[in-house]
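Undergrad: First to last, the sequence lines map onto chains B and Z.
Numbering follows the working numbering, in which position 135 of the first sequence is assigned residue number 135; successive positions increment by one, without gaps.
Heads up, the working numbering is the position in the second sequence plus 342, with the first residue counted as 1.
The C-beta atom is built at its ideal place from N, Cα and C for all residues, glycine as well.
Please read these numbers as outputs of a predicted model, since none were measured by experiment.
I have a structure I would like to understand better, so I am pasting it below and will then ask my questions one at a time.
Protein chains: 2
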Amino acid sequence: MKFGLFHSVQWPEGSDQRQRYREGLEEAIHAEEVGFESVWLTEHHFSRHGIVSDSLNVLSHLAARTTNLRLGTAVAVLPFHDPVRLAEAAATVDVLSNGRLDFGVGRGYQWGEFHGFGVPMEERADRFEESIDLIQRSWDAREPFAHEGRFWRYGDIDPQPKPVQRPRPPIWVATDSEEGLRRCAEEDWGVMLPQGRSMDVVGEQVGRYRKVLAEAGKPFNAEKILLARALYVAPSDEQAWADAGDAYIRFRELATKLAASPQGKQLAHNPFDHDSLRDAVVFGGPETCLSMLRRIEELGIQQVIFFVHFGGLAHEKIMASMDRFAAEVVPLLRKAGTATAR
Amino acid sequence: MKFGLFHSVQWPEGSDQRQRYREGLEEAIHAEEVGFESVWLTEHHFSRHGIVSDSLNVLSHLAARTTNLRLGTAVAVLPFHDPVRLAEAAATVDVLSNGRLDFGVGRGYQWGEFHGFGVPMEERADRFEESIDLIQRSWDAREPFAHEGRFWRYGDIDPQPKPVQRPRPPIWVATDSEEGLRRCAEEDWGVMLPQGRSMDVVGEQVGRYRKVLAEAGKPFNAEKILLARALYVAPSDEQAWADAGDAYIRFRELATKLAASPQGKQLAHNPFDHDSLRDAVVFGGPETCLSMLRRIEELGIQQVIFFVHFGGLAHEKIMASMDRFAAEVVPLLRKAGTATAR
Chain B
1 MKFGLFHSVQ WPEGSDQRQR YREGLEEAIH AEEVGFESVW LTEHHFSRHG IVSDSLNVLS
61 HLAARTTNLR LGTAVAVLPF HDPVRLAEAA ATVDVLSNGR LDFGVGRGYQ WGEFHGFGVP
121 MEERADRFEE SIDLIQRSWD AREPFAHEGR FWRYGDIDPQ PKPVQRPRPP IWVATDSEEG
181 LRRCAEEDWG VMLPQGRSMD VVGEQVGRYR KVLAEAGKPF NAEKILLARA LYVAPSDEQA
241 WADAGDAYIR FRELATKLAA SPQGKQLAHN PFDHDSLRDA VVFGGPETCL SMLRRIEELG
301 IQQVIFFVHF GGLAHEKIMA SMDRFAAEVV PLLRKAGTAT AR
Chain Z
343 MKFGLFHSVQ WPEGSDQRQR YREGLEEAIH AEEVGFESVW LTEHHFSRHG IVSDSLNVLS
403 HLAARTTNLR LGTAVAVLPF HDPVRLAEAA ATVDVLSNGR LDFGVGRGYQ WGEFHGFGVP
463 MEERADRFEE SIDLIQRSWD AREPFAHEGR FWRYGDIDPQ PKPVQRPRPP IWVATDSEEG
523 LRRCAEEDWG VMLPQGRSMD VVGEQVGRYR KVLAEAGKPF NAEKILLARA LYVAPSDEQA
583 WADAGDAYIR FRELATKLAA SPQGKQLAHN PFDHDSLRDA VVFGGPETCL SMLRRIEELG
643 IQQVIFFVHF GGLAHEKIMA SMDRFAAEVV PLLRKAGTAT AR
């Protein structure tokens, strides 16, 4: 299995933004030190739930402070961006990192973000489609092109720089609907499954993906699917929940609240809807974490990105949990010959 | 006097983008090594004249690769950006660099860029005003605010992160018109004078600025004005022009062409209009460069940012010219007690 960090910078009441950024960056850099292959940054706006608003900008900073770590967006929220400016920014990360960008994209789900940017939520799917098409054209173009679309228009543009990776940086889409998964299968985009669902639901998501792949006549490829999970490793299960349980629950509660309208209505799919908290996370002592990873692997998933930064959990505890994962969980996996060592 | 780098990445026909970026970044990092105080990146789109399209993204990368260097945009072209997204990006640079951002802004002048983004050139001044107001509100806000303007609207936003510098990162405006200079005087924004004009014209620009300052009842402050100049230092004047003259002339010709419409009409102020090439640059042997710096200083200007990367000039020659400036020109200035050593 391969592991990465699914990362944000949370800003709890009373905490200092600068310190939160400093710690969040240290955790991302530590991901490389403990043998993770990648870091994936969330993009959020206008709230304490994620103060990385320009994830590509932060990735270019991390490109200079890491060596081989893959640098991902998870996700760039397409309805909020000028697609050509976003294509330029993403290509810039790819140039500055010498080809380490993974470009994860999504449609967005937080009511307050759509309200803030003045973008109607019902346009999210159509904006996504026009945007991802424009981004790819911007990367591919070798001659100027014009575009007259529903949401954006451009005249005779040939955006620069071009990405380093050929034919393009890998594109990943946060989705678990049949329609979204079918688009991924058709386009050979990777699939990012959210962190909030129990393993039973993840099993259904993978089954749905296998079905649309079969319908599209394409094989299942473990390189094209990754699963997000919250991670906290402690000496024992009891210690893990005592350290991190409340912080993670508060994090999910805030996310669920932000997804909804002020009237409490969920207008888009909320990735944090949860049917079972304990069955949706990799929390516990090393043996418990190992057994959860084996369940994930049994579904055919070989790539897991771990969310470790819950806001209310101290930086030192996060770093120690990452160290413990590398020192005590990965060796157990490797012993059984199932982990891909770096 | 204080010196900085006014920098871009040019992409001449037949050259490799990645190599151009690599070299451009090395030059920026070298600026700190030779005692420059700052680097200022241009923003351009859709042409070989500048393939840094996301200058704030590149500044966050440079934040990690430099220590004390101030990091500037010169300029962020406000009519092409969602102001709130730009405020977020600029604040991110300020956070990642621990307060080293200088935020230079302008109205834009290249016809092809306006055409590309579908922005009417006649809206450039009005867009600038609405945008700079929104950027400052975004930085200052401690409560959500809404905005209904001519070009942009937002609902209940409190953009994050906030800049580190208080009350705000310094704002600089590329302008030399009486109206533009008056806005700077009123708002205490810095003034960036363009690289293309002869010293006589620079004298008129400074005179105009002193006049509007006096009318606004404000003193002249050398910390609030900087001048851009092309720089090339060689052992002799002859060698300087032989090495770099053609490359710089071609650079200016391309800039002038890009400023105009396809019919050759200049629709905005073109910063490269030049009345005298030799009198607008700091080119030559050390003594010639010194005497040009003295003329600049006599106008009351204490900050010069040097444009060194002309596209057609080899990276090694650029690096050597920067070294020679530090080793042979600055000591002459210091000897006379006029340079501010770092």
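At which residue ranges does the region 85-170 of chain B contain complete alpha helix (DSSP H) runs of 4 or more residues, listed in the order of the chain?
TA: For the region 85-170 of chain B, whole alpha helix (DSSP H) runs of length 4 or above, ordered along the chain, are 111-117 and 124-140.
Undergrad: Under 8 angstroms, do Gly-446(Z) and Met-534(Z) count as touching if we go by C-beta distance?
TA: Position 104 of the second sequence, counted from the start, is the residue given in the question as residue 446(Z). Position 192 of the second sequence, counted from the start, is the residue given in the question as residue 534(Z). Yes, the pair counts as a contact, with Cβ atoms nearer than the cut-off.
Undergrad: Opposite Thr-630(Z) in the DSSP bridges: which residues?
TA: In the second sequence, the residue the question calls residue 630(Z) occupies position 288. None, per the DSSP bridge assignment.
Undergrad: Thinking Thr-73(B) and Glu-32(B) are a contact (beta carbons under 8 angstroms), I'd like their distance in whole angstroms, please.
TA: Within the first sequence, the letter at position 73 stands for residue 73(B). Within the first sequence, the letter at position 32 stands for residue 32(B). So it is not a contact: roughly 18 angstroms between Cβ atoms.
Undergrad: Determine whether the Cβ of Val-400(Z) lies closer than 8 angstroms to any Cβ atom of chain B.
TA: Numbered from 1 along the second sequence, position 58 holds the residue referred to as residue 400(Z). Yes - at least one Cβ of chain B is within 8 angstroms of the one on Val-400(Z).
Undergrad: Would you list, in chain order, the members of the region 502-513 of chain Z that have their beta-carbon closer than 7 angstroms to a beta-carbon of chain B?
TA: Against chain B - using a Cβ distance shorter than 7 angstroms - the residues of the region 502-513 of chain Z are Gln-502, Pro-503, Lys-504 and Val-506.
Undergrad: On the three-state DSSP scale, how would you describe Ser-38(B)?
TA: As a working note, residue 38(B) is residue 38 in the first sequence. Here Ser-38(B) sits in strand by DSSP.
Undergrad: Taking Leu-438(Z) as the reference, which of Pro-486(Z), Arg-637(Z), His-386(Z) and Asn-399(Z) has the closest Cα?
TA: Taking the first residue of the second sequence as position 1, residue 438(Z) is located at position 96. Nearest C-alpha to Leu-438(Z): Asn-399(Z).
Undergrad: Alpha carbon to alpha carbon, what distance is there between Gly-190(B) and Leu-5(B)?
TA: For the purposes of this step, residue 5(B) is taken as the residue at position 5 of the first sequence. For the purposes of this step, residue 190(B) is taken as the residue at position 190 of the first sequence. Their backbone Cα atoms lie some 17 angstroms apart in a straight line.
Undergrad: For Ser-357(Z), which residues of its own chain have a beta-carbon under 7 angstroms away from its beta-carbon, when the five flanking residues on both sides are left out?
TA: Taking the first residue of the second sequence as 1, we reach residue 357(Z) at position 15. Answer for Ser-357(Z): no residue qualifies.
Undergrad: Rounded to whole angstroms, how far is the Cβ of Leu-428(Z) from the Cβ of Val-435(Z), which I believe are closer than 8 angstroms?
TA: As a position in the second sequence, residue 428(Z) is number 86, starting the count at 1. As a position in the second sequence, residue 435(Z) is number 93, starting the count at 1. About 11 angstroms separates the two Cβ atoms, so there is no contact after all.
Undergrad: Give the secondary structure of Gln-581(Z) by DSSP, where H, G and I count as helix, E and B as strand, and everything else as coil.
TA: As a first step, residue 581(Z) must be located in the second sequence, where it is residue number 239. Note: Gln-581(Z) maps to helix in three-state DSSP.
Undergrad: Classify Lys-2(B) as helix, strand or coil using the three-state DSSP reduction.
TA: Taking the first sequence and counting its residues from 1, one reaches residue 2(B) at position 2. It is a strand residue.
Undergrad: Would you list the residues sitting across from Arg-230(B) in a DSSP beta bridge?
TA: Position 230 of the first sequence, counted from the start, is the residue given in the question as residue 230(B). The question names Arg, but residue 230(B) in the sequence shown is Ala. Answer is Val-281(B) and Phe-307(B), bridged to Ala-230(B).
Undergrad: Below 7 angstroms CB to CB, which residues in the same chain sit around Lys-504(Z) once its five sequence neighbours on both sides are set aside?
TA: Counted from its first residue, the second sequence places residue 504(Z) at position 162. These residues qualify, in order along the chain: Ala-433 and Trp-481.
Undergrad: Please find out if some non-hydrogen atom of the ligand MN comes closer than 7 angstroms to the beta-carbon of Pro-511(Z).
TA: This structure does not include the ligand MN; it has no bound ligands of any sort.
Undergrad: Go to Leu-299(B), then tell me how far its alpha helix (DSSP H) extends in each direction, as first and last residue.
TA: For the purposes of this step, residue 299(B) is identified with residue 299 of the first sequence, where counting begins at 1. Note, Leu-299(B): premise wrong, no alpha helix (DSSP H); not H, not E.
Undergrad: Please report the straight-line C-alpha distance between Ala-89(B) and Val-75(B), rounded to a whole angstrom.
TA: Here residue 89(B) refers to the residue found at position 89 of the first sequence. Here residue 75(B) refers to the residue found at position 75 of the first sequence. Taking the straight line from one Cα to the other gives about 14 angstroms.
Undergrad: Just list the residues that DSSP pairs His-349(Z) with in beta bridges.
TA: Your numbering for residue 349(Z) matches position 7 in the second sequence. In DSSP, His-349(Z) forms a bridge with Leu-383(Z).
Undergrad: Check distances from the C-beta atoms of the region 44-69 of chain B to those of chain Z and list, in chain order, the residues that come in under 9 angstroms.
TA: Hits within the stretch, in order: His-44, His-45, Phe-46, Ser-47, Arg-48, Gly-50, Ile-51, Val-52, Ser-53, Asp-54, Leu-56, Asn-57, Val-58, Leu-59, Ser-60, His-61, Leu-62, Ala-63, Ala-64 and Arg-65.
Undergrad: DSSP three-state label for Pro-354(Z), please.
TA: As a first step, residue 354(Z) is located in the second sequence; it is residue number 12 there, counting from the start. Coil.
Undergrad: Closer than 8 angstroms, CB to CB, is Gln-136(B) near chain Z or not?
TA: For this step, residue 136(B) is matched to residue 136 along the first sequence. With 8 angstroms as the cut-off, Gln-136(B) does not count as an interface residue toward chain Z.
Undergrad: Determine, using beta carbons only, whether Arg-360(Z) comes closer than 8 angstroms to chain B.
TA: One-based indexing of the second sequence puts residue 360(Z) at position 18. Chain B, which has a Cβ nearer than 8 angstroms to the Cβ of Arg-360(Z), makes this yes.
Undergrad: Which term fits Gln-303(B), buried or exposed, when burial requires 16 or more other beta carbons within 10 angstroms of its beta carbon?
TA: One-based indexing of the first sequence puts residue 303(B) at position 303. Counting Cβ neighbours within 10 Å, Gln-303(B) comes out buried, since at least 16 surround it.
Undergrad: Should the region 586-602 of chain Z be called in touch with the region 548-561 of chain Z, which here means at least 3 C-beta pairs below 8 angstroms?
TA: Result no; under three Cβ-Cβ pairs closer than 8 angstroms.
Undergrad: Give me the Cβ distance between Ser-47(B) and Arg-70(B), rounded to the nearest whole Å; I'm assuming they're in contact under 8 angstroms.
TA: Position 47 of the first sequence, counting from 1, holds the residue named residue 47(B). Position 70 of the first sequence, counting from 1, holds the residue named residue 70(B). No, Ser-47(B) and Arg-70(B) are not in contact; Cβ-Cβ is about 27 angstroms, not under 8 angstroms.
Undergrad: Going by beta carbon distance, what residues of the same chain come within less than 6 angstroms of Ala-234(B), once the five residues before and after it are set aside?
TA: Start at 1 with the first residue of the first sequence, and residue 234(B) comes out as number 234. Answer for Ala-234(B): Ala-240 and Asp-243, listed in chain order.
Undergrad: Just checking: is the beta-carbon of Ala-244(B) within a distance shorter than 8 angstroms of some beta-carbon in chain Z?
TA: The sequence position of residue 244(B) within the first sequence is 244, counting from 1. Chain Z contact via Cβ: absent.
Undergrad: Between Asp-237(B) and Thr-288(B), how many whole angstroms is the CB-CB distance? I'm expecting something under 8 angstroms.
TA: Mapped onto the first sequence, residue 237(B) falls at position 237. Mapped onto the first sequence, residue 288(B) falls at position 288. Right, their Cβ atoms sit about 5 angstroms apart.
Undergrad: Please report the residue range of the beta strand (DSSP E) in which Leu-413(Z) lies.
TA: Looking up residue 413(Z) in the second sequence gives position 71. It spans 412-419 - the beta strand (DSSP E) in which Leu-413(Z) sits, taken as one unbroken run.
Undergrad: Per DSSP, Met-322(B) is paired with what?
TA: Looking up residue 322(B) in the first sequence gives position 322. None, per the DSSP bridge assignment.
Undergrad: Just checking: is the beta-carbon of Ala-431(Z) within a distance shorter than 8 angstroms of some beta-carbon in chain B?
TA: Within the second sequence, the letter at position 89 stands for residue 431(Z). For Ala-431(Z), the answer is yes, since a Cβ of chain B falls inside 8 angstroms of its Cβ.
Undergrad: Let me see if you follow: with CB-CB separation under 8 angstroms, is Gly-460(Z) close to chain B or not?
TA: Numbered from its first residue, the second sequence carries residue 460(Z) at position 118. Answer yes: the Cβ-Cβ gap between Gly-460(Z) and chain B drops below 8 angstroms somewhere.
Undergrad: Starting from Leu-193(B) and walking both ways along the alpha helix (DSSP H), at which residues does that stretch end?
TA: Walking along the first sequence from the start, residue 193(B) turns up at place 193. Unbroken run through Leu-193(B) is the beta strand (DSSP E), 190-193; no alpha helix (DSSP H).
Undergrad: My output table needs one value for Val-515(Z): the three-state DSSP class, helix, strand or coil.
TA: The residue given as residue 515(Z) occupies position 173 in the second sequence. In this structure, Val-515(Z) counts as strand in the three-state DSSP scheme.
Undergrad: Tell me where the alpha helix (DSSP H) around Asn-563(Z) begins and ends.
TA: The residue you call residue 563(Z) lines up with position 221 of the second sequence. No alpha helix (DSSP H) holds Asn-563(Z); DSSP gives it neither H nor E.
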